[in-house]
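A short worksheet on the structure shown next.
There are 2 protein chains.
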Amino acid sequence: MPALISDEQTERDRQSLLDAAEVLLYAKGIQAVGMDEIRAEAGLALKRIYALYASKEELVVGMLRRRDIRWRADLAEYVERATDPRQRVLAVFDWLHQWFCQPGFRGCAWVNAHGELGASSEAIATEVSAHKAAFHDQIAAWVAATNPSACEGVHLLAEGAIVSAGITNDPDVALRARSAAEALLAAAGHPAGMTQA
Amino acid sequence: MPALISDEQTERDRQSLLDAAEVLLYAKGIQAVGMDEIRAEAGLALKRIYALYASKEELVVGMLRRRDIRWRADLAEYVERATDPRQRVLAVFDWLHQWFCQPGFRGCAWVNAHGELGASSEAIATEVSAHKAAFHDQIAAWVAATNPSACEGVHLLAEGAIVSAGITNDPDVALRARSAAEALLAAAGHPAGMTQA
DNA sequence: ACAATAAGAGAACGCACGTTCTCAATGCGA
DNA sequence: TCGCATTGAGAACGTGCGTTCTCTTATTGT
Numbered sequence: 062m063p064a065l066i067s068d069e070q071t072e073r074d075r076q077s078l079l080d081a082a083e084v085l086l087y088a089k090g091i092q093a094v095g096m097d098e099i100r101a102e103a104g105l106a107l108k109r110i111y112a113l114y115a116s117k118e119e120l121v122v123g124m125l126r127r128r129d130i131r132w133r134a135d136l137a138e139y140v141e142r143a144t145d146p147r148q149r150v151l152a153v154f155d156w157l158h159q160w161f162c163q164p165g166f167r168g169c170a171w172v173n174a175h176g177e178l179g180a181s182s183e184a185i186a187t188e189v190s191a192h193k194a195a196f197h198d199q200i201a202a203w204v205a206a207t208n209p210s211a212c213e214g215v216h217l218l219a220e221g222a223i224v225s226a227g228i229t230n231d232p233d234v235a236l237r238a239r240s241a242a243e244a245l246l247a248a249a250g251h252p253a254g255m256t257q258a
Numbered sequence: 062m063p064a065l066i067s068d069e070q071t072e073r074d075r076q077s078l079l080d081a082a083e084v085l086l087y088a089k090g091i092q093a094v095g096m097d098e099i100r101a102e103a104g105l106a107l108k109r110i111y112a113l114y115a116s117k118e119e120l121v122v123g124m125l126r127r128r129d130i131r132w133r134a135d136l137a138e139y140v141e142r143a144t145d146p147r148q149r150v151l152a153v154f155d156w157l158h159q160w161f162c163q164p165g166f167r168g169c170a171w172v173n174a175h176g177e178l179g180a181s182s183e184a185i186a187t188e189v190s191a192h193k194a195a196f197h198d199q200i201a202a203w204v205a206a207t208n209p210s211a212c213e214g215v216h217l218l219a220e221g222a223i224v225s226a227g228i229t230n231d232p233d234v235a236l237r238a239r240s241a242a243e244a245l246l247a248a249a250g251h252p253a254g255m256t257q258a
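These protein sequence lines map, in sequence, to chains A and B. Using our numbering, the first residue of the first sequence is number 62, and each one after it goes up by one. Using our numbering, the first residue of the second sequence is number 62, and each one after it goes up by one.
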C-alpha cells in the first residue's frame with residue numbers, strides 16, 4: 062500500500078481514529094488511555110496518527126469537537142421532531158433519559174475532560190467551554206419559545222441531570238428533571254423575566 | 062526527632078498531608094500532581110506519607126472524605142442560620158455563590174475526581190457516590206420542610222449550578238439557580254408530589 | 001525493470017511518576 | 001555513656017507513556 066494517500070483515505074483514517082479515541086477516552090478517562098491503545102483500536106500506524114494530529118492533546122480536542130457536533134445534532138433532531146414549544150423542552154429530558162440508559166454511559170464527556178485536564182490544557186478547557194455555551198444556547202432558544210423566564214432554570218436542570226446520572230448511574234434523574242422543568246415552564250413570568258440579585 | 066512518634070503528631074502530620082493534597086489535587090487534577098509535589102508542600106518525608114496512607118489512591122480517598130465532612134458542615138452551618146424553611150433553601154444558593162466566588166474555584170472536587178478516575182478506581186467512585194448521596198439528602202431534607210415536591214428539582218439546580226460555574230467561571234449561575242429554585246418552591250404540589258413517568 | 005519515495009510496523013528515547021530501599025542521624029533505655 | 005531502634009532525606013527501581021526514529025516493504029513514474 063505505501064504510496065501517496067488519497068484525501069478520501071485520509072478522511073476515513075481520521076474518522077477511524079476519532080472513533081477509537083472517543084470510545085476509549087470516554088470509557089476510561091483521557092490519561093488512562095495510551096496512544097498505543099488508541100492506535101491498536103483504530104488499526105492505524107502511530108506515524109499516521111501523528112500525521113493527522115500533532116499531539117494527543119490535539120487529538121482529544123478533535124474528538125471533543127466532532128462529538129459536540131454529533132451530540133448536539135442528535136439532540137436537536139430529536140427535540141425538533143416535536144412542534145409544540147412546550148413539548149420540545151420536555152423532549153430534551155426524554156432524550157437525556159435515553160442517553161443515560163445507554164450501556165457505558167459515564168456522564169458528560171466534556172465535564173469529565175474539564176475535571177481531568179481543564180487546569181493543564183488551555184485548548185481542552187476552551188473546547189469544553191465552547192460546547193457548554195452552545196448547549197446552553199440551544200436549550201435557551203427552545204425554552205424561550207415557551208417561557209423565557211425559565212431558560213436558565215431548565216438549562217441548569219439539564220446540567221444537573223447529566224452530572225447526577227453520571228455518578229449515580231440512575232437514568233431516572235432525567236424524569237425527575239423533566240418534572241421540575243414542567244413546573245418551571247408553568248410558573249410565573251410568561252411576560253417578563255424575574256431574575257434577582 | 063527520630064524516635065517513637067506520638068498520636069498527636071500523627072494527627073498533625075495527617076492534617077498537613079491532607080491540606081497539601083487537597084490544595085494541589087483540586088487545583089491541578091489528581092494525576093497531574095506527583096506524590097513528590099505533595100510531599101514538598103506537606104513538609105513530610107515520603108516514608109511518613111506512606112505510613113499514613115498505603116497508596117496515592119487511599120490518600121485521595123482520605124482527602125475526599127475529609128473534604129466532604131468539612132464542606133457539608135460549612136454548608137449546613139450557613140443554611141441553618143436561617144430559621145424560615147424557605148429561606149434555608151434559598152440560602153443554599155447564596156452559599157454556593159460565595160463558594161463560586163472564591164479564587165481558585167474549579168468546580169466540584171468529587172465530580173472532577175469521578176471524571177478522571179471513576180472508571181479506574183472503585184474506591185474513589187464509591188467515595189464520590191457517597192458524597193453526592195449525602196449532599197442530595199441534605200438538600201432534600203431542607204426542601205421537604207417547605208415543598209416536598211420540589212426536592213429533586215432543587216437538588217438538580219444545585220448540581221447544575223456547581224458544574225456550570227466550574228466550567229464558565231461565572232459565579233452568578235448561583236443566582237439564576239436561586240431564582241429557579243424560588244419558582245419551584247412556589248409551584249404546585251404543596252400537598253402531594255407530581256412526579257411523572 | 002529500476003530508482004525514488006512514501007508509508008507501515010514497532011523499536012527506541014526521554015521523562016515522569018508511584019513506590020521502595022539505603023543510609024546516616026537522632027533520641028531513648030540500660 | 002553506649003547500643004538500638006526509629007525516622008527523615010532522598011536515591012533508586014520499575015513501569016508506562018508521548019513522541020520520534022529506523023528500517024523494511026511496496027508502489028509509482030519513467
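A virtual CB, placed ideally from N, CA and C, is assigned to each residue, including glycine. Quick caveat: nothing in here was measured; it's all calculated off a predicted structure.
Spatial neighbours of residue i in its chain, beta-carbon cut-off 8 Å, leaving aside the 5 residues before and after
| i | result |
| --- | --- |
| residue 185(A) | 118, 121, 122, 125, 174, 175, 178, 179 |
| residue 98(A) | 85 |
| residue 191(A) | 129 |
Nearest-angstrom Cβ-Cβ length linking residue i and residue j, presumed shorter than 8 Å
| i | j | result |
| --- | --- | --- |
| residue 102(B) | residue 85(B) | 6 Å |
| residue 167(B) | residue 87(B) | 6 Å |
| residue 172(A) | residue 224(B) | 6 Å |
| residue 219(B) | residue 151(B) | Their Cβ separation, rounded to whole angstroms, is 11 Å, which puts residue 219(B) and residue 151(B) out of contact at 8 Å. |
| residue 214(B) | residue 244(A) | 7 Å |
| residue 153(B) | residue 200(B) | 7 Å |
| residue 133(A) | residue 222(A) | Contact doesn't hold; Cβ gap of about 16 Å is too wide. |
| residue 193(B) | residue 228(A) | 5 Å |
| residue 107(B) | residue 96(B) | 7 Å |
Beta-carbon contacts of residue i that lie in its chain and below 7 Å, excluding the five residues immediately before and after
| i | result |
| --- | --- |
| residue 35(B) | This structure cannot speak to residue 35(B), because chain B is shown only from 62 to 258. |
| residue 188(A) | 122, 125, 126 |
| residue 205(B) | 212 |
| residue 232(B) | 158, 161, 162, 226 |
| residue 207(A) | 146, 147, 150, 246 |
| residue 109(B) | 74 |
| residue 241(A) | 218 |
Same chain, Cβ closer than 6 Å to residue i, five either side skipped, listed in chain order
| i | result |
| --- | --- |
| residue 135(A) | none |
| residue 149(A) | 140, 143, 203 |
| residue 197(B) | 216 |
| residue 238(B) | 154, 218, 222 |
Simplified DSSP state of residue i, which is helix, strand or coil
| i | result |
| --- | --- |
| residue 114(A) | coil |
| residue 84(A) | helix |
| residue 155(B) | helix |
| residue 146(B) | helix |
| residue 173(B) | helix |
| residue 130(A) | helix |
| residue 166(B) | coil |
| residue 204(A) | helix |
| residue 76(B) | helix |
| residue 141(A) | coil |
| residue 228(B) | helix |
| residue 223(B) | helix |
| residue 214(A) | helix |
| residue 66(B) | coil |
| residue 91(A) | coil |
| residue 236(A) | helix |
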